[in-house]
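What follows is a short report on a single structure.
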């Protein structure tokens, strides 16, 4: 039997009657007491009581270990809080276990609880579970508790007027009569409170129960630290992922900027991509006029918002409205870009951001402008074209105020720098285009001049040609003209004779005989056929000259034709016959060595002009020979090199071309002739005709004192194009 004092000692070890009943059950199971023992029996074994107490302690430690294990198994705070409050309430057999959290201003609220069926939940109560004022928390003001301090609140021992609105009071208002509260520390900083409460005012919180709460609070602190670390890691991971996505998109945007040289396309691409990158409602590009007024020149705007470009067009005074921003003044006073080697985070110092336009202290005039823009927050960076301030890149957030991050500003700075480069490139492109247009116009003028010069060169050649032609035509014409008088007289005499025969009778032969003697009929009969034959020869000569001129000029054959090359050479020689005969007293010998050639597709008139130029040059070279023992000679040879190409060789035995002159003979306007003797375009035009127009080659072989040979090589079938074959 256990005496009364022993029963009281046992009762004092228990928090309530239920715990005391549990202790008696353990003592009965261990044989320390019998089931029928009552307080009136004072005998009991101290060893049995110690054993029972130890077993109770072991059960609590086991339960505590289970709670701590569950805390450590999870990183979800809500799950940890719910598990902890529920397990602790079962372990301590309390009416309520609650967790209270402090905020940075030391206001706070209950964030988790476990309550018995007879208690009123705090979290769902209409009066709420928050305390807004730090001074009413009812906990020491120090945010750093090291070592952790135990604070026990007893609802009966703390008068309400001293407590104010505190966690303990909230517990009391919800039926708690006695409570014990320990701090939850996250590192060295006070995070919150862990509270155990009971509705029975006689409930006494024993030291081992408070110690158990402290053990749990320490592990809650560790869990909070782990959760904080996890959240920080997750936050950093999200930030890194966001930064990676942003950098990838930024790279794509910059690449798009670099790929285009059209500034309108660049602006359209940039504003659209930046608006998506920053998740803003509007991104716009603003351009400064020379007088530092300005206007928006491009924008990308989300659906549901006005377009500034349209508003600007409808209200022209709005164009200069951005200048009303007070923060623009410092930028305009400086107008110089930061050093290019400066860190982008430092270069962003010229940017300016506004988180909330209503709280930025702007005057009414500027706020009215921002109202037109529909913006609540904005970030603006300058755009420099080289060293000159060109304009602004602006991002607007319209739906609500916005806290701009450093990464947002840095992105705008990077984009603005690439826009500046794009503007420079666009300006250079425009300058290049203008220069190209000027060069094209110059080329057109030069081509026109070249055509005129070529025409002049052709006319110069034709001048020489006309001199020979005039001489060739003049002789037969003079011959014909001189003989026409005799033909007229002879014809008249014959007519008169015939008339006389008609008028006189045949027997009057004397008068006829006299007339025959008068007109010398015998001479007329003999001379008239010769005269007519001479006239026929003269007219044939004229016909041949005209034919040669036609073959040479080919005026009716502007397109490519298949022609006989030898016919063209002969026509040119015929036209130059007078000059050949007039040079060196007719001593120039022309040697023709024609091979059998197929008909060649070419621009016949142009090729004849080349032959004329080369033969004239050969004659000029021979005429430059003052005295020479050798006979002046021009040799013309043709040959078929292969199935695709023929060659024409024109050689003279003149003085040759000096080596210093040879590299320049095909240059336009280069000539060694005296002023007035040549334009310097003959060989240049010939080279262009052979090489560019026919896809052939024009080369020269020369040896000073021996002579010069020009070789023309042209394709037999011409260029691979549609050919009109005659």
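Numbering (my numbering), first residue to last: 2 to 727.
Even glycine gets a Cβ: it sits at the ideal position worked out from N, Cα and C.
Which residue marks the beginning of the alpha helix (DSSP H) containing residue i, and which one marks its end?
i: residue 685; result: 683 to 688
i: residue 208; result: 208 to 260
i: residue 619; result: 605 to 624
i: residue 569; result: 566 to 576
i: residue 96; result: That residue, residue 96, is in no alpha helix (DSSP H); it is neither H nor E in DSSP.
i: residue 367; result: 365 to 374
In its own chain, which residues sit with a C-beta less than 6 Å from the C-beta of residue i, not counting the 5 before and 5 after it?
i: residue 602; result: 561, 563, 718, 719 and 724
i: residue 143; result: Low confidence applies to residue 143: its pLDDT is 35, below 50, so where it sits in the model is not reliable enough to give any reading.
i: residue 270; result: 257
i: residue 450; result: none
i: residue 199; result: 95, 96 and 179
i: residue 230; result: none
Go ahead and pull the three-state DSSP assignment for residue i.
i: residue 597; result: coil
i: residue 513; result: helix
i: residue 391; result: strand
i: residue 415; result: helix
i: residue 656; result: coil
i: residue 500; result: helix
i: residue 358; result: helix
i: residue 663; result: helix
i: residue 271; result: helix
i: residue 443; result: helix
i: residue 407; result: helix
i: residue 450; result: helix
i: residue 590; result: strand
i: residue 561; result: coil
i: residue 382; result: strand
i: residue 695; result: coil
i: residue 311; result: helix
i: residue 708; result: strand
i: residue 538; result: helix
i: residue 434; result: helix
Apart from the five residues on each side of it in sequence, which residues of its chain come closer than 8 Å, Cβ to Cβ, to residue i?
i: residue 596; result: 638, 639, 640 and 641
i: residue 352; result: 380, 381, 382, 383, 410, 413 and 414
i: residue 425; result: 386 and 387
i: residue 592; result: 634, 635, 636 and 637
i: residue 265; result: 299
So residue i is in the beta strand (DSSP E); what residue range does that whole segment cover?
i: residue 198; result: 190 to 199
i: residue 283; result: 283 to 289
i: residue 115; result: 109 to 116
i: residue 698; result: 698 to 704
i: residue 122; result: Counting along the chain, residue 122 falls outside any beta strand (DSSP E), and DSSP gives it neither H nor E.
i: residue 296; result: 295 to 302
i: residue 640; result: 634 to 641
i: residue 719; result: Segment: none, residue 719 is in no beta strand (DSSP E) and carries neither H nor E.
i: residue 179; result: 179 to 187
Return the chain-ordered list of same chain residues with a C-beta closer than 7 Å to the C-beta of residue i, the five sequence neighbours on each side being excluded.
i: residue 103; result: 109, 191, 192 and 193
i: residue 666; result: 658, 684 and 701
i: residue 262; result: 426, 427 and 430
i: residue 218; result: 183, 184, 185 and 195
i: residue 688; result: 667 and 699
Tell me the rounded alpha-carbon separation between residue i and residue j.
i: residue 213; j: residue 195; result: 11 Å
i: residue 290; j: residue 296; result: 8 Å
i: residue 709; j: residue 585; result: 18 Å
i: residue 698; j: residue 712; result: 8 Å
i: residue 707; j: residue 438; result: 49 Å
i: residue 716; j: residue 613; result: 20 Å
i: residue 403; j: residue 366; result: 22 Å
i: residue 312; j: residue 288; result: 16 Å
i: residue 594; j: residue 447; result: 40 Å
i: residue 625; j: residue 481; result: 37 Å
i: residue 305; j: residue 99; result: 48 Å
i: residue 86; j: residue 172; result: 15 Å
i: residue 238; j: residue 246; result: 12 Å
i: residue 418; j: residue 690; result: 53 Å
i: residue 156; j: residue 77; result: Confidence at residue 156 is low in this model, with a pLDDT of 40, below 50, so its placement is unreliable and the value that follows should be read with caution. Distance between the alpha carbons of residue 156 and residue 77: 32 Å.
i: residue 532; j: residue 486; result: 11 Å
i: residue 400; j: residue 211; result: 52 Å
Does the pairing of the segment 195 to 212 with the segment 102 to 110 give three or more beta-carbon distances under 8 Å? no
Contact between the segment 528 to 542 and the segment 571 to 582 (3+ Cβ pairs under 8 Å): no
Does the segment 356 to 372 come within contact of the segment 247 to 263, defined as at least 3 CB pairs closer than 8 Å? no
So does the segment 220 to 228 actually touch the segment 179 to 196, counting three or more Cβ pairs closer than 8 Å? As far as the Cβ criterion goes, the segment 220 to 228 touches the segment 179 to 196, which means the pair count is three or higher.
Given 8 Å, three or more beta-carbon pairs between the segment 366 to 383 and the segment 393 to 401: yes
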